[in-house]
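Line by line, the protein sequences give chains S and V.
Following my numbering, the numbering of the first sequence begins with 6 at its first residue and continues without gaps.
Following my numbering, the numbering of the second sequence begins with 9 at its first residue and continues without gaps.
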Amino acid sequence: MKGFTTAALLALFSLNCIAAAEQHSSTDPATGAITWETRAHGVHFALTQILPEQVRAFYVNRGFTLEQIESYATSCVYMTVLRNDDAPGVIHFVSNDWMIRVAGHSHKLTSVEDWWRRMKKNGAKNSALIAFRWAQFPPEQEYRPGGDWNQGMLSVGLAPGRRFDATARWDIKGKAYEATLKGVECAE
Amino acid sequence: MNRYFLALMVIFFAASGAALADGLPPLTHNLTAIDGIVPAPALRLKNLDEEVVDLSALKGRVVVVNFWATWCPPCRREMGSLERLYQATKKSGVEVLAVNIGEDADTVFSFLGTVEPSPDFQMLFDPDAASMDGWEVRGLPTTYIVRPDGTLAYRAVGGREFDHPEIQKRVGALASN
């Protein structure tokens, strides 16, 4: 009886863990862009493909030249959403701590500041750089439970067509949490 | 690179950020109460008529300060609800200041023509994003609600449904105090 109870509890616990990290993907019928999303520890995490042509068009329209934006546009850019639905407290993150795992190797994201410096060095004008900075997913942020969130662009630094796992990390009063999206594809 | 295709994309994105808004989560109506007595940071910017608007001159009124840009999908989504909040509360002394980050008047003006209902509240311009640090804005949109005494009452990070009855009730309660 005791063994059965333990097994039942273990099974229940396992199901609970799976449910907490369930991943969904969907394809926008109009654009063909794929969204991967998951919910873990009360936080919603989603990545939506942005085609390189869309990235170029967005930033050329905001003052960049094609040459200035090319390396960013072809670095696998996602519209990223992180939202604190009902986490057990205020979540804090530094997006530079997030990890990208591809073919058994992990790397951190190129920081917004690094991209900004590269573009400034390439002669991007100030108004374009301001648009770039504020169109990015925040490098650091805090979200209160109940729906604080942001949406912004995030480059994962990979070539078009690559497949990877993306792990978002945050903390609540110093306690670490994370959510991983598996098998995310870079748009071509 | 097909430059004709790029030109079409540029026109598309100039007219709308809708393609980047697909699949977004629904807007919520939660506001975070700000603990303690925190004075609102300074805000002194030009409006569409190039007149200087100073937040400190609005003491005695509840002021909703919304930081936004036309290319920010949740900013676009919440703009109509901000106008409905303004229409529902302006008679009780509520002011809305929408601070545009990094764009020019022509860009903002053409976007406002697409918003239903069209905003009647003040549009301010911060071309260098100089106000962001002082207001501790790390992402767009971010909205603060300022009490009549000039202290911060609430904050919302990310898009909201500002015409939701709960938000109208909270804003109205500040105005009646």
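Note that the Cβ used here is the ideal one computed from N, Cα and C, for glycine as well.
Bear in mind the structure is a predicted one, so any value in this text is a computation, not a measurement.
> What are the boundary residues of the beta strand (DSSP E) that includes S:N89?
Replying inline: Counting along the chain, the beta strand (DSSP E) containing S:N89 begins and ends at V82 to N89.
> Straight-line CA distance for V:G88 to V:P127?
Replying inline: Computed Cα separation, rounded: 7 Å.
> Three or more C-beta pairs closer than 8 Å, one from the stretch 32-42 of chain S and one from the stretch 129-145 of chain S: is that the case here?
Replying inline: By the Cβ test, the stretch 32-42 of chain S is not in contact with the stretch 129-145 of chain S, since fewer than three Cβ pairs between them sit closer than 8 Å.
>> Which residues in chain S have a C-beta closer than 8 Å to the C-beta of V:R69? List them in chain order.
In response: Under the 8 Å cutoff, chain S gives no residues; its nearest Cβ is about 26 Å from V:R69.
> For S:F63, does the three-state DSSP call read helix, strand or coil?
Replying inline: It is helical.
> From V:D171 to V:R92, what does the alpha carbon distance come to, in whole angstroms?
Replying inline: Our two residues, V:D171 and V:R92, have alpha carbons roughly 6 Å apart in a direct line.
>> Short of 7 Å in beta carbon distance, which residues of its chain neighbour S:W121, apart from the five on each side in sequence? Order them along the chain.
In response: Sequence-distant partners of S:W121 (beyond 5 residues in either direction) whose C-beta falls short of 7 Å from its own C-beta, in its chain, are L134, F137 and R138.
>> Just to confirm my understanding: we take V:D72, look at its own chain, exclude 5 residues before and 5 after, and list those with CB closer than 6 Å. What are they?
In response: In the sequence under discussion, the amino acid at residue 72 of chain V is Val, which differs from the Asp named in the question. Closer than 6 Å at the Cβ level, and outside the excluded window around V:V72, lie V104 and I153.
> Does the Cβ of S:G179 have 16 or more other Cβ atoms within 10 Å, making it buried, or fewer, making it exposed?
Replying inline: So S:G179 counts as exposed.
> Taking the alpha-carbon positions, what's the S:A45 to V:N55 distance?
Replying inline: Inter-residue distance for S:A45 and V:N55 is about 43 Å (C-alpha atoms, whole angstroms).
> Shortest alpha-carbon distance to V:A50 belongs to which of V:D57, V:A65 and V:T97?
Replying inline: Selected option, being the one with the closest Cα: V:A65.
> Does S:E212 have its Cβ less than 8 Å from a Cβ in chain V?
Replying inline: The requested residue 212 of chain S does not occur in the structure, where chain S is confined to residues 6 to 193.
> So which residues on chain V does S:I177 lean against when the C-beta distance must stay under 9 Å?
Replying inline: By Cβ distance, chain V contributes nothing, its closest Cβ being about 15 Å from S:I177, past 9 Å.
> If you run the structure through DSSP and keep just helix, strand and coil, what is S:D102?
Replying inline: For S:D102, the secondary structure class from DSSP, reduced to helix, strand or coil, is helix.
>> Does the CB of V:L8 have a neighbour CB from chain S at under 8 Å?
In response: Residue 8 of chain V falls outside the range modelled here, since chain V spans only 9 to 185, and no answer is possible.
>> Give me the DSSP bridge partner(s) of V:V145.
In response: Bridge pairing for V:V145: absent [DSSP].
>> Is the beta carbon of S:S76 closer than 8 Å to that of S:I115?
In response: One point to set straight first is that residue 115 of chain S is Thr, not Ile, in the sequence displayed. Not in contact: S:T115 and S:S76 (Cβ atoms no closer than 8 Å).
>> I'd like to know whether the C-beta of V:W143 is nearer than 8 Å to at least one C-beta of chain S.
In response: V:W143 is outside the set of residues whose beta carbon lies under 8 Å from a beta carbon in chain S.
> Of the choices V:D157, V:T40, V:R52 and V:D141, whose alpha-carbon is the least far from that of V:A106?
Replying inline: The candidate whose alpha carbon is nearest that of V:A106 is V:R52.
> Is the beta carbon of V:R8 less than 8 Å from the beta carbon of V:G167?
Replying inline: In this structure chain V extends from 9 to 185, so residue 8 of chain V is not present and cannot be described.
> Closer than 7 Å, Cβ to any Cβ of chain V: which residues of the stretch 130-155 of chain S, in chain order?
Replying inline: Listed in sequence order: S132, I135, A136, W139, A140, P143, E145, Q146, Y148, R149, G151, G152, D153, W154 and N155.
> Looking at C-alpha atoms only, which residue of V:A48, V:L39, V:F75 and V:H37 is the closest neighbour of V:L132?
Replying inline: Looking from the CA of V:L132, the closest CA among V:A48, V:L39, V:F75 and V:H37 belongs to V:F75.
> Measuring CA to CA, which of S:F69, S:Y148, S:S111 and S:K125 is closest to S:V99?
Replying inline: Among S:F69, S:Y148, S:S111 and S:K125, the Cα nearest to that of S:V99 is on S:Y148.
> Nearest to S:G68 by CA position, among V:V102, V:E111, V:D134 and V:P34, is which residue?
Replying inline: That would be V:E111, whose Cα lies nearest to the Cα of S:G68.
> Under the three-state reduction of DSSP, which class applies to V:M131: helix, strand or coil?
Replying inline: It is a strand residue.
>> Between S:R174 and S:G188, how many whole angstroms is the CB-CB distance? I'm expecting something under 8 Å.
In response: Contact between S:R174 and S:G188 does not hold, since the beta-carbon distance rounds to 19 Å and is not under 8 Å.
>> Am I right that S:A51 and S:V86 are in contact with their C-beta atoms under 8 Å? What's the rounded C-beta distance?
In response: The Cβ separation is near 4 Å, so the contact holds.
> Given that a residue counts as buried once 16 or more other Cβ atoms are within 10 Å of its Cβ, and exposed if not, what is V:N108?
Replying inline: Its Cβ being crowded by 16 or more others within 10 Å, V:N108 is buried.
> Hey, which unbroken runs of the beta strand (DSSP E) at 3 residues or more fall wholly within the stretch 110-167 of chain S?
Replying inline: As summarised for the stretch 110-167 of chain S, the continuous beta strand (DSSP E) elements at least 3 residues long and confined to that stretch are 110-113, 145-148 and 153-160, given in chain order.
> Do the CB positions of V:R155 and V:A164 come within less than 8 Å of each other?
Replying inline: Not a contact, by the Cβ cut-off of 8 Å.
>> Would S:G157 pass as an interface residue toward chain V - the criterion being a Cβ-Cβ separation below 8 Å?
In response: Answer yes: the Cβ-Cβ gap between S:G157 and chain V drops below 8 Å somewhere.
> Is the closest heavy atom of the ligand PLP to the C-beta of V:V71 under 7 Å?
Replying inline: What this structure holds is no ligand at all, so the ligand PLP is not there to describe.
> Secondary structure at V:A29, three-state DSSP: helix, strand or coil?
Replying inline: For V:A29, the predicted structure reports a pLDDT of 45, less than 50, and the residue's modelled location is therefore unreliable. A value from the coordinates is still provided. V:A29: helix per DSSP, three-state reduction.
>> In the DSSP assignment, the alpha helix (DSSP H) including V:G101 goes from what residue to what residue?
In response: Counting along the chain, V:G101 falls outside any alpha helix (DSSP H), and DSSP gives it neither H nor E.
> In this structure, what does DSSP give as the bridge partners for V:D219?
Replying inline: Since the first residue shown for chain V is 9 and the last is 185, residue 219 of chain V is missing from the structure and cannot be characterised.
>> Let me see if you follow: with CB-CB separation under 8 Å, is V:T36 close to chain S or not?
In response: Residue contact with chain S for V:T36: present (Cβ-Cβ distance below 8 Å to some residue of chain S).
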